[in-house]
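Undergrad: Have a look at the structure that comes next, please.
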Amino acid sequence: MEKHVAVLGCAWGDEGKGKIVHSLAPDYDYIIRFNGGNNAGHTVVVDDNTYKFHLLPSGILYPDKVSVLANGVVIDPKILVGEIENIESKIGKTNFRVSHAAHVILPYHRKIDGLEGKKVGTTGRGIGPCYQDKVARKGIRIEDLVDSDGEIRTDHFRNLLEETLEAANFILTQKYHEKPFELDDIVEEYTSLAQVFAENVTDTSALLYNAGKKGKRFLFEGAQGIMLDPDIGTYPYVTSSHPTTGGIFTGTGLYFEFDRIIGVVKAYTTRVGEGPMTTELGTAEQTKDEKKDEPFTDENRKKAEAGDEYCMGKFLRKKGVEYGTTTERPRRCGWLDLCIVNKKAKPANGLTELAITKLDVLSDMPSCNERITVCLDYEPPQYAEYPRWQQEIADMREYRELPRQAQQYVQAISNHTELPIKLVSVGPATDALINCDIKPY
Ligand code: IMP
321 MEKHVAVLGC AWGDEGKGKI VHSLAPDYDY IIRFNGGNNA GHTVVVDDNT YKFHLLPSGI
381 LYPDKVSVLA NGVVIDPKIL VGEIENIESK IGKTNFRVSH AAHVILPYHR KIDGLEGKKV
441 GTTGRGIGPC YQDKVARKGI RIEDLVDSDG EIRTDHFRNL LEETLEAANF ILTQKYHEKP
501 FELDDIVEEY TSLAQVFAEN VTDTSALLYN AGKKGKRFLF EGAQGIMLDP DIGTYPYVTS
561 SHPTTGGIFT GTGLYFEFDR IIGVVKAYTT RVGEGPMTTE LGTAEQTKDE KKDEPFTDEN
621 RKKAEAGDEY CMGKFLRKKG VEYGTTTERP RRCGWLDLCI VNKKAKPANG LTELAITKLD
681 VLSDMPSCNE RITVCLDYEP PQYAEYPRWQ QEIADMREYR ELPRQAQQYV QAISNHTELP
741 IKLVSVGPAT DALINCDIKP Y
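Structure, rendered in C-alpha cells:
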C-alpha cells in the first residue's frame, strides 16, 4: 500500500486537482495543503451537491480524515470561517488543523492587491502582499492571534498590527489616496473570527512528523500549477508560493518520501490572468469580456471549423466551463502544451505519473482539419496532431469503452511525457473517473 502521495498542477492551475484529491482521499489519513491561500478554487460535485472550496483541502468532505492547512498556506480568517460554517451546515462537524506558523491575510493585503495586482491579473485576494510581508519579516502569523492553549491574544495582536497597519495606511493614503483602515475594526473582526477556529490551531509540522512515525498516510493537495511558480513559471506573471514537490517540504517544514507524485494535466491548456501562453487559441484581448452565459452558437462552430482560433478556444471555454472558481474570469484556452510537462513539471517535481482531466471536453471539438493539436516543444516549435472523436464520453467508466481516438490521445500523452497515466477524468461528477494503467512506449 502506498504511503504518501502528492497531487500537483502541471500548467497554470485549474487542472482539476480537487477532484483527483477527493477521489484518492479515502485511502489517506491526512489531507494537506501546503501553499497558496484562497486564490485557489476547487469544485467537487458529490451526488447533487456542488462544493466550492478556496482554502480548505478537498479532503474536508471526509470527517474521518484530518485536513491540514500547513505553515506555507496564507489564511484569510473570514474565508476560513465562511467555509467551515458552510460545510458544517451540510455535512456536520469538520476535522481540520491550522498551522500556528501560517501567515494571516489582513484587509490591507486585499486592498493593496486590488490596487497593485492588475498588471499580473492576480485574484485580488491579498495573497501576494501577505507573502511579501512574510518574507519582509513583518507579517502576522496565526500564533499572533491564538496562543498554544487556544486563547485569543487580543493585546499582542493589537500591538503587532498597530505597527504594520501604520505602514500599510501610509501607502494607501499617500500613494493611492485611499481611506486608511481602523485598528479597532480589524482587531474586533479578527479576534472574533479566530474564536471559531482557535481550538484547531496547532504546530502542524510536529503533528505530521509524529503521525508519520506512527505510519499515517498523507495526501498533499497542491494549489495552482507549475507555471505560476515564482521561480519556475512565467515570471512576473506568477503567484507567490511554490506549487511543487519542493513547496511541500518548505510549506510543511518536513521532508517526505513519496510513493506517488501525480501531475495533473488537463486535456487542453488554460490560464487566467495576464502573461504568455504559447498554445492559446485566440487572444487574451478577445477572451477577456466574454460572458459566462454567452452561448457557443452554430455560427461559432462554423467559424471554428473554418480555422478561427478564437472560436476553437471559445468551444473549450463553453464546454469546459472555463471560468475562474475564485474570480469568474473567462479562462484563456488553448491546445495541450506538453512542453510544460516535459521541461518544467516533470523535472521540478519528480513526477511518477499523470492524471488526465476533462478529456470529455474534447469530444466533438470543432477544428479546421478535424484533428486535435498537442504542443511538444517551443524551440524549435514542434506540434503533433491526433484525430478527434465525436462521441460524448462522460458516462464511460472503463478505459476500453473510450473511443479509439480518445485512447490514442491518452496514449500519446503518455508516450510524449514518458510517464504512466493511471487516472482519466471524463466529467464533472465525482465518479466520472476512469482508473487505468497506460504505460508509455
Ligand atoms: P495571485 O495568486 O492571486 O497573486 O495571482 C497571481 C497569478 O496567479 C494570477 O495570474 C492569477 O490568476 C493566478 N492564480 C492564482 N491562483 C490560481 C488558481 O488557483 N488557478 C489559476 N490561476 C491562479
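Take the sequence shown: its letter number 117 is residue 437 in the numbering used here, and every next letter is one higher. The beta-carbon is built from N, C-alpha and C at its ideal position, and this holds for glycine as well.
For the candidate residues Tyr382, Ile676, Ala668 and Lys623, whose alpha-carbon lies nearest to that of Gly747?
TA: Nearest C-alpha to Gly747: Ile676.
Undergrad: Return the CA-CA distance between Leu539 and Ile407, expressed in angstroms with no decimal places.
TA: Straight-line Cα distance between these residues: approximately 20 Å.
Undergrad: Here's the rule: buried if 16 or more other CB atoms are within 10 angstroms of the residue's CB, otherwise exposed. What is Arg417?
TA: Flag for Arg417 reads buried.
Undergrad: Hey, which unbroken runs of the alpha helix (DSSP H) at 4 residues or more fall wholly within the segment 686–730?
TA: Within the segment 686–730, no complete alpha helix (DSSP H) run reaches 4 residues.
Undergrad: Report the residue ranges of all alpha helix (DSSP H) runs contained in full by the segment 512–542; include only those spanning at least 4 residues, in chain order.
TA: List check, alpha helix (DSSP H) in window: 524–533.
Undergrad: May I ask whether a heavy atom of the ligand IMP can be found less than 8 Å away from the beta carbon of Ala360?
TA: Yes, the ligand IMP has a heavy atom inside 8 Å of this Cβ.
Undergrad: Nearest-angstrom Cα distance between Thr414 and Leu381?
TA: For Thr414 and Leu381, the distance between alpha carbons rounds to 8 Å.
Undergrad: Excluding the 5 residues preceding and the 5 following Gly448 in the sequence, name in chain order all residues of the same chain whose CB lies nearer than 7 Å to its CB.
TA: Excluding residues within five positions, the ones whose Cβ falls inside 7 Å are Asp433, Gly437, Thr442 and Ser560.
Undergrad: Give the DSSP-derived three-state secondary structure of Tyr350 in the structure shown.
TA: Correct three-state label for Tyr350: strand.
Undergrad: Just checking: is the beta-carbon of Ser409 within a distance shorter than 9 Å of some beta-carbon in chain B?
TA: Judged by its chain identifiers, the structure shown contains no chain B, having just a single protein chain.
Undergrad: Take Gly535 as the anchor and find which of Glu577, Asp504, Glu498 and Asp549 has the nearest alpha-carbon.
TA: The candidate whose alpha carbon is nearest that of Gly535 is Glu577.
Undergrad: Quick one: is the Cβ of Gln452 within less than 8 Å of any heavy atom of the ligand IMP?
TA: Because no heavy atom of the ligand IMP lies under 8 Å away, the Cβ of Gln452 does not count as near it: no.
Undergrad: From the DSSP secondary-structure annotation, give me the bridge partner or partners of Lys372.
TA: Thr363.
Undergrad: What runs of the beta strand (DSSP E), each 3 residues or longer, lie entirely inside the segment 441–510?
TA: Counting whole runs of 3 or more residues, the segment 441–510 contains no beta strand (DSSP E) stretch at all.
Undergrad: Could you spell out the range, first to last residue, of the beta strand (DSSP E) harbouring Ala675?
TA: Run containing Ala675: Glu673 to Thr677, per the beta strand (DSSP E) assignment.
Undergrad: Report the option in Ala752, Val661, Trp709 and Tyr706 whose CA atom is closest to the CA atom of Leu739.
TA: The candidate whose alpha carbon is nearest that of Leu739 is Val661.
Undergrad: Could you give the C-beta distance for Val401 and Leu513, rounded to a whole number, given that I count them as a contact under 8 Å?
TA: About 5 Å; that satisfies the 8 Å criterion.
Undergrad: With distances taken Cα to Cα, identify the nearest neighbour of Ile506 among Gln727, Tyr729 and Glu486.
TA: Ranking the options by Cα distance to Ile506, first place goes to Glu486.
Undergrad: Does Val661 come out as helix, strand or coil in the three-state DSSP assignment?
TA: Reduced to three states, the DSSP call for Val661 is helix.
Undergrad: Kindly indicate which residue of Leu328, Asn369 and Lys323 has the alpha-carbon position closest to the one of Pro667.
TA: Ranking the options by Cα distance to Pro667, first place goes to Leu328.
Undergrad: In three-state terms, what does DSSP make of Asn620?
TA: Asn620 falls in the helix class under three-state DSSP.
Undergrad: For Ile425, is the beta carbon positioned less than 8 Å from some heavy atom of the ligand IMP?
TA: No, since every heavy atom of the ligand IMP falls outside the 8 Å radius drawn around the Cβ of Ile425.
Undergrad: Which two residues bound the contiguous alpha helix (DSSP H) that contains Val401?
TA: Segment Pro397 to Ile411, the alpha helix (DSSP H) holding Val401.
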